[in-house]
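Asks: Just so we're aligned: the sequence shown equals residues 1 to 185 in UniProt numbering. Beta carbons: idealized from backbone N, C-alpha and C, even for Gly. The structure presented is a predicted model; accordingly, all values stated were derived computationally and were not measured. The structure follows.
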Amino acid sequence: MRFERSLRLPSTLIMRSVAGLLFAVRRYSAKTGTSAQQWVESLTAGVLPAKAFSYSFDRSSGPGGQNVNKVNSKCTLTIYAFSKCDWIPQEVRDQLMHRRFRYLSSSRDCVVIQSDQSRSREINRQICLEKLVSELKATCWFPKEVQPEDLERWSAIRRKTSKQRLEGKKFKSDKKKLRRKVSDY
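Now the structure itself:
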């Protein structure tokens, strides 16, 4: 599956040799948060690299009559060595590993997603990919740019609270000075 050019991310093309065959692997690097944010926003199930996943199909549970005992329709999508996945930007991987990414098995360093919602294998495989994309988008967080008027408002609030605090300290200090005994030297 080819990556779309609409991603507009910096990429490098690396040639790998496996059993005498050359494979081109496209790596995306996220040097800034904006490129990682663009990657997450433009992420769809169709853009994901098919060779990055391992699929297995098992017997599905639930209704289906006699068909449920004959057909392997439950799909289990697995991404092994998740911490070393090159197709996910480093900043996104760090967020997924340190935040609550519900499909991540940290003890095995892999992501496991299952679906048995449909009787069709292909639909269950597509549902697994969509679950991955939606959970990636829900888990990742990027700070928004701060507007200049917000910065002004925050600094005004900071100045006002600081002024009130100093006035309160001065008032308490003056009150304590009035309580002191005056010496008659």
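(1) Return the first residue and the last residue of the beta strand (DSSP E) that V111 is part of.
(2) Entirely within the stretch 77 to 128 and at least 4 residues each: give me those alpha helix (DSSP H) ranges in chain order.
(3) What number of angstroms, rounded off, separates the C-alpha of D174 from the C-alpha of E167?
(4) Considering only residues of the same chain and omitting the five flanking positions on each side of S115, which have a CB-CB separation below 6 Å?
(5) Taking the Cβ atom as the reference point for each residue, do R93 and T139 lie within a distance shorter than 9 Å?
(6) For a test of the three-state rule: what should DSSP assign to K144, helix, strand or coil?
(7) Give the DSSP-derived three-state secondary structure of F53 in the structure shown.
(8) Look at the alpha carbon of T78 and the alpha carbon of K51, and state the distance between them as a whole number of angstroms.
(9) Measure the alpha-carbon distance for Y80 versus S155 and round it to whole angstroms.
(10) Which residues does DSSP list as the beta-bridge partners of D58?
(11) Give the DSSP-derived three-state secondary structure of K169 in the structure shown.
(12) By alpha-carbon positions, which one of R59, E122, K84 ends up nearest to V111?
Replies: In this structure, then:
(1) In this chain, the beta strand (DSSP E) harbouring V111 covers 110 to 115.
(2) Within the stretch 77 to 128, the complete alpha helix (DSSP H) runs of at least 4 residues are 90 to 98.
(3) Taking the straight line joining both Cα atoms gives about 10 Å.
(4) The residues are C75, N124, I127, C128.
(5) Their beta carbons are not under 9 Å apart, which means R93 does not touch T139 by this criterion.
(6) In the structure shown, K144 sits in coil (DSSP, three-state: anything other than H, G, I, E or B).
(7) Coil.
(8) Straight-line spacing of the CA atoms in T78 and K51 works out to 11 Å.
(9) In this model, Y80 and S155 are separated by some 48 Å (Cα to Cα).
(10) The partner list for D58 (beta bridge, DSSP) reads K74.
(11) It is helical.
(12) Proximity to V111 across R59, E122, K84 peaks at K84, based on C-alpha coordinates.
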